[in-house]
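Asker: First the structure, which I've put down as structure tokens, then a few questions once you've had a look.
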Amino acid sequence: MRARAATLSLLLALACGPAASSPRGSLDRLASALERGRTRDAYALLAEDYRRRVPFREFERQMRSRPESARELAALLRTADDDAEITAEVRLSDGDTLQLVFEEGGWRVRGNAVDIYDQSTPRAALRSFVRAMTRKRYEVVLRFVPDADREGMSVEGMARVFEGEGREETERLLAALRANLDAPIEVVGDRATMPYGEGATVQFVREGEVWKIEDPD
Numbered sequence: 011m012r013a014r015a016a017t018l019s020l021l022l023a024l025a026c027g028p029a030a031s032s033p034r035g036s037l038d039r040l041a042s043a044l045e046r047g048r049t050r051d052a053y054a055l056l057a058e059d060y061r062r063r064v065p066f067r068e069f070e071r072q073m074r075s076r077p078e079s080a081r082e083l084a085a086l087l088r089t090a091d092d093d094a095e096i097t098a099e100v101r102l103s104d105g106d107t108l109q110l111v112f113e114e115g116g117w118r119v120r121g122n123a124v125d126i127y128d129q130s131t132p133r134a135a136l137r138s139f140v141r142a143m144t145r146k147r148y149e150v151v152l153r154f155v156p157d158a159d160r161e162g163m164s165v166e167g168m169a170r171v172f173e174g175e176g177r178e179e180t181e182r183l184l185a186a187l188r189a190n191l192d193a194p195i196e197v198v199g200d201r202a203t204m205p206y207g208e209g210a211t212v213q214f215v216r217e218g219e220v221w222k223i224e225d226p227d
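Residues in the sequence shown are numbered from 11 upward in steps of one, following the numbering used here.
What follows is the structure in structure tokens.
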């Protein structure tokens with residue numbers, strides 16, 4: 011069994027090949043792996059610190075349970091800013107950024123490459139919330155609503171409000187949040203606060219393993 015495992019590991023390593031020598035090359039390879047469902051190849055392109063925190067089995071489970079997110083990210087990776095070779099940071103077509111880290115002679119993607127609507131930290135939740143709202147993925151936006159506030163809410167109802175009578179207010183809020191995606195966030199236990207703009211704040215609350223947005227304005 012050990013011999014078979016060693017042989018399999020070697021074959022996988024040979025199949026993946028050496029890490030790409032540029033951010034563009036790494037992103038293209040990750041996009042291809044996500045598009046084709048090559049979980050092992052995609053995992054190998056992630057940064058070492060992420061692989062230390064997230065074992066392969068968990069990554070594989072996420073990739074299988076959220077294939078639409080993997081495909082969506084792959085499409086965004088195809089449109090990434092080529093200036094990343096200089097900055098090691100790429101700007102996706104929806105205005106967000108993706109970081110790369112140079113490790114072991116090659117560039118690797120830092121962070122979660124399966125769930126682009128990550129809620130593992132308040133910062134990730136904020137960026138994911140803005141992305142979901144911008145793309146009008148209201149079924150995803152519901153994930154960010156605290157359990158106590160979800161009663162009576164629906165995808166259809168959110169669409170009516172955000173795209174109807176509340177459209178201008180929604181656009182104003184999103185513009186303000188985009189301009190403050192890197193504002194300082196104070197975390198105290200299971201709650202977090204991000205002041206921004208002229209007296210506005212974002213209130214976060216952690217429920218289980220994910221962060222949700224209690225009040226974005």
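Cβ atoms here follow ideal geometry from the backbone N, Cα and C, with glycine treated the same way.
1. Where in the segment 112-175 do unbroken runs of the beta strand (DSSP E), each at least 3 residues long, occur, reported from the N-terminal end onward?
2. Using 7 Å as the threshold, is the C-beta distance between residue 73 and residue 49 below it?
3. Given residue 169, which residues of its chain have a CB within under 8 Å of its CB, disregarding the five upstream and five downstream residues?
4. From the DSSP secondary-structure annotation, give me the bridge partner or partners of residue 206.
5. Under three-state DSSP, which class holds residue 178?
6. According to DSSP, is residue 62 part of a helix, a strand, or is it coil?
7. State the DSSP-derived secondary structure class of residue 201, mapped to helix, strand or coil.
8. Check residue 188 in the structure and name its three-state DSSP category.
9. Within the chosen definition, does the segment 190-202 reach the segment 131-138 through at least 3 CB pairs nearer than 8 Å?
10. Roughly how far, in whole angstroms, is the beta-carbon of residue 241 from the beta-carbon of residue 212, given that I think they are within contact range, below 8 Å?
11. Between residue 129 and residue 220, is the Cβ-Cβ spacing less than 7 Å?
12. Using the Cα positions of residue 96 and residue 111, report the straight-line distance between them to the nearest angstrom.
13. Between which two residues does the alpha helix (DSSP H) harbouring residue 82 extend?
14. Measure the alpha-carbon distance for residue 156 versus residue 41 and round it to whole angstroms.
15. Which value, in whole angstroms, describes the spacing of the CA atoms of residue 43 and residue 151?
16. Could you tell me the alpha carbon to alpha carbon distance between residue 144 and residue 67, rounded to whole angstroms?
17. Would you mind reading off the limits of the beta strand (DSSP E) that contains residue 225?
18. Measuring only the C-alpha atoms, how far is residue 182 from residue 189?
Answerer: Looking at the atomic coordinates:
1. For the beta strand (DSSP E) assignment, the uninterrupted runs of no fewer than 3 residues enclosed by the segment 112-175 are, from N- to C-terminal side, 116-119.
2. yes
3. 146 and 148
4. Looking at the DSSP assignment, residue 206 forms a beta bridge with 210.
5. helix
6. Residue state, collapsed to three classes: helix.
7. In this structure, residue 201 counts as strand in the three-state DSSP scheme.
8. helix
9. yes
10. Since the first residue shown for the chain is 11 and the last is 227, residue 241 is missing from the structure and cannot be characterised.
11. yes
12. Low confidence applies here, because residue 96 scores a pLDDT of 37, under 50, leaving its location unreliable and the question unanswered by this model.
13. From DSSP, the alpha helix (DSSP H) with residue 82 extends over 77-87.
14. 32 Å
15. If you take the alpha carbons of residue 43 and residue 151, they lie about 27 Å apart.
16. 31 Å
17. Run containing residue 225: 220-225, per the beta strand (DSSP E) assignment.
18. One C-alpha to the other measures close to 11 Å.
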